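Engineer:
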Amino acid sequence: EIYFMNKYSSKAVKTAATVGMSLAMVLSNAAPVFAAASKPTATVCIAQDAIYGKKVIDAIKKDLKAQNLTLNTAKLNTTLGKTGETAKYLVANALDTAKTIEEILDIKTSADYGNETVSTLLASVVLCGDDEDQAVKDAKHLIGNSDDWTTFEVAVKNAIDQFIELSKSTYLNDDMITDGEYDGAKALYSELDAAKDYIKNIDPADTTTKNSGSGAGATAIAAYENLWDDFVDAIEDYEKSTIGTFVKAYVNALEDQEIEGVNVYDLVNRDVDFPRENLTALENFIKDVKNDKIADLKNEAKYNTVKDEEEVIEYIEGLETIVEEIKEANTLLKTSNSAYKDFKEVLTKVEDLAEKVDTLKGIKEGAVGYDDADLAVEKELNKFTAADVEKLQTYVEDVVNQFVTVKAVKRTTGNYTLSFENADYGRYLNDDDSFNEDLEYLMLTTVTKDEETSYYDLVLDNEGTSKAKLIKAVTTDIEGITLSSTLTTAQASKIVAAKKAYDELMGENSLYTLTLKEKKAVKANEELIKTLYFKLIMNGSVTQSGWVDKGNGNWDYIAEDGTRPSKWIASGANWYYVKNGTMLRNSWIASDAQGTRWYYVDDNGVMVSNTTVNGYTFNSYGVWVK
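Positions -35 to -1, 1 to 591 (mature numbering (1 follows the signal peptide of the UniProt record, and there is no 0)) are the ones given, in order, by the sequence shown.
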């Protein structure tokens, strides 16, 4: 048979294929184990839940130790209270009234520790771990036993009883299970599948069970070793021989089921829009499927009969993945999100800039008032500090771009239009969901019609020209330099930078508004800066700056202070990267030492954007996305 796996195909399916196990064995080895007092929801390994589960196990063991107990000597009705370790991991006030271990298994952990029931976290401990791990053994002891256990020893004795039942059964007399035997065999299988985890703990000489007699333990061990694998094969052979007649009908019915007007097939396979406000409806639908509460499905087959079939698993896990994605989307859109809180701190500057840009766009270039409006935009841009830019960029990349990204389209006229297109979580936005309209305006408004650069891009690119940086250049950076100083190379560079900063701050057309205190600090060094800068000119210390053509497409860049920098350089509509003053070509550039974002410059040294190069795709900001 050939199966087509969608993007939500389970880890369990892949694991089964890898180790050569049947899918039914993978899931049947997991799910029935957790059929005790608590009913965990995990059926595949969730690594983070396993980490949380181990923490809870350790906490329970510490609380039991405080009562001079261990997991093996404790009972289900042993109580834990709010003063212990376990309470720290549960929802608030869960143990204000002492609860039994059995009750704790059904209590949810806090949001910091998964917000799942304790039993579900312990299920992931088992599913993710090795049978020999102590944490796995502890988790199985807590949630993997039959309903009437009180201690680990009782669970072991139950295992003896159940495997002795297998030794007495007639299901394997003809090496096959008949139609009339299947229900009883399946029920026994479920019991044995949980009990087999305790086989290694059975004493062959044990005779204290209800099947007491000479060598009861040895009989159970022999039944496991000689009959269990054949019994599993017989169950699977029967199911394989009959299940094909109704699985397809069940899957077809499942695909046609609608959740808030969207059918399951489209929801899982076609990434159709599904507003996050439908989360509860989706969660309830999944529960109804598993509990056989949907008539169209129940008429075809019971869920427990088909739940191990690959196509059914793919759809259920596809729906469950969508649930998790919607929850993540909800978290991103919360006003308590740290990225949103930081964005709120720069919101006023975003609003002011959007207002000035809107005014500028309403005036025809060259008309009266255009230059003043353009200057007003520049002034608003220069109000963004490096810290402001970081907060704004983090919010856009970590929140906004999880839902929408900017798409640039070049029209036949040569002009560009910018619009939003859905990103990973865009399909989950409600009709009334929106991001700040002023931010959206800056992200979708081009600076010039024939270029795709937006005003949001300008904010990011304008980081290095903040007023605070310029004031620092004419004050703090030149402390200790006097009119009588014999300038070192480093000091000469500082004077050149100070002269440039002074002109930007105090020039007739300055884009910056200084407070009286700031203006006084800048003016205090006016004579020093101008005099020493003049000396540098007379001495020939101030040399050629800017781009220097080296031929064959190679260029160098010399800063005004004579240094050869390593940084991005904007020239016209393009961006170039120079390393030690030499323009890079056909090269990858990391945004930082950690390689958080990557950019690429082509043979002309130009940073590429909105294109694909050698199979690598770059967005409108030049960032490699896939």
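C-beta: ideal position from N, C-alpha, C; glycine also. Computed from a predicted structure; not experimentally measured.
#1: Classify Arg241 as buried or exposed, calling it buried when 16 or more other Cβ atoms lie within 10 Å of its own Cβ.
#2: Apart from the five residues on each side of it in sequence, which residues of its chain come closer than 8 Å, Cβ to Cβ, to Ser384?
#3: Among residues of its own chain, excluding the 5 on either side of Ala63, which ones have a beta-carbon nearer than 6 Å to its beta-carbon?
#4: What does Ser399 pair with, by DSSP beta-bridge criteria?
#5: Whose C-beta lies closer than 8 Å to the C-beta of Leu36 among residues of the same chain, with five residues either side of it excluded?
#6: Could you compute how far the alpha carbon of Ile534 sits from the alpha carbon of Val333?
#7: Counting C-beta neighbours from all protein chains within 10 Å, is the total for Leu404 16 or more, i.e. buried, or is it exposed?
#8: With distance defined between alpha-carbon atoms, name the residue in Gly518, Thr440, Lys465, Asp514 nearest to Glu483.
#9: Below 8 Å between beta carbons: does that hold for Val571 and Asn539?
#10: I need the DSSP call for Met141, collapsed to helix, strand or coil.
#11: Tell me, please, whether the region 201 to 215 touches the region 260 to 275 by the rule of three or more beta-carbon pairs shorter than 8 Å.
#12: Quick check: the region 435 to 454 against the region 390 to 407, are at least 3 beta-carbon pairs closer than 8 Å?
#13: Do the region 247 to 255 and the region 274 to 294 touch if we need at least three Cβ pairs shorter than 8 Å?
#14: From Glu285 to Leu247, what distance separates their C-alpha atoms?
#15: Measure the Cβ-Cβ separation of Lys73 and Glu67 and say whether it is below 8 Å.
#16: Alpha carbon to alpha carbon, what distance is there between Lys299 and Thr418?
#17: Can you tell me whether DSSP reads Ser387 as helix, strand or coil?
#18: Can you give the Cα-Cα distance for Thr577 and Phe368, rounded to whole angstroms?
#19: Does DSSP put Ile446 in a helix, a strand or coil?
#20: Please list, in chain order, all residues of the same chain as Glu146 whose beta carbon is under 7 Å from its beta carbon, the five residues on each side excluded.
#21: Nearest-angstrom Cα distance between Gln456 and Glu316?
#22: Can you name the residues that DSSP bridges to Lys532?
#23: Below 8 Å, how does it come out for the region 321 to 328 and the region 286 to 293: are there three or more Cβ pairs, yes or no?
#24: Are the CB atoms of Ala39 and Val90 nearer to each other than 8 Å?
#25: Is the CB-CB distance between Tyr230 and Glu220 below 8 Å?
#26: Please check the pair Ala304 and Val364, which I expect to be a contact at CB under 8 Å, by giving their CB distance rounded to whole angstroms.
#27: Rounded to whole angstroms, how far is the Cβ of Asp415 from the Cβ of Gly379, which I believe are closer than 8 Å?
#28: How is the beta strand (DSSP E) around Ile523 delimited, first residue to last?
#29: Go ahead and pull the three-state DSSP assignment for Ser132.
#30: Considering only the beta carbon of each residue, do Val83 and Leu70 sit closer than 8 Å?
#31: Which runs of the alpha helix (DSSP H), 4 residues or longer, sit entirely within the region 214 to 264?
#32: Less than 6 Å between C-beta atoms, sequence neighbours within five positions excluded: which residues of the same chain meet that for Met548?
#33: Are there 16 or more other CB atoms within 10 angstroms of the CB of Asp162, so buried, or fewer, so exposed?
#34: Taking the alpha helix (DSSP H) that residue 594 falls in, what are its first and last residues?
#35: For Tyr477, tell me which candidate among Leu87, Phe349, Tyr360 has the shortest Cα-Cα distance.
#36: Looking at Tyr393: is its Cβ nearer than 8 Å to the Cβ of Phe239?
Structural biologist: Based on what the coordinates show:
#1: buried
#2: Val371, Lys372, Val374, Leu409
#3: Thr44, Gly46
#4: Answer by DSSP bridge pairing: none, since Ser399 is not bridged.
#5: Ile25, Lys26, Leu29, Asp103, His106, Leu107, Phe117
#6: 32 Å
#7: buried
#8: Thr440
#9: yes
#10: coil
#11: yes
#12: no
#13: yes
#14: 9 Å
#15: no
#16: 30 Å
#17: The sequence given here has Asn at residue 387, not Ser. Strand at Asn387.
#18: 22 Å
#19: coil
#20: Tyr136
#21: 40 Å
#22: Val543
#23: no
#24: no
#25: yes
#26: 5 Å
#27: 5 Å
#28: 519 to 523
#29: helix
#30: yes
#31: 229 to 234, 244 to 255, 260 to 263
#32: Trp520, Tyr541, Gly570
#33: buried
#34: Absent from the model: residue 594. The displayed extent of the chain is -35 to 591, so no value can be given.
#35: Phe349
#36: yes
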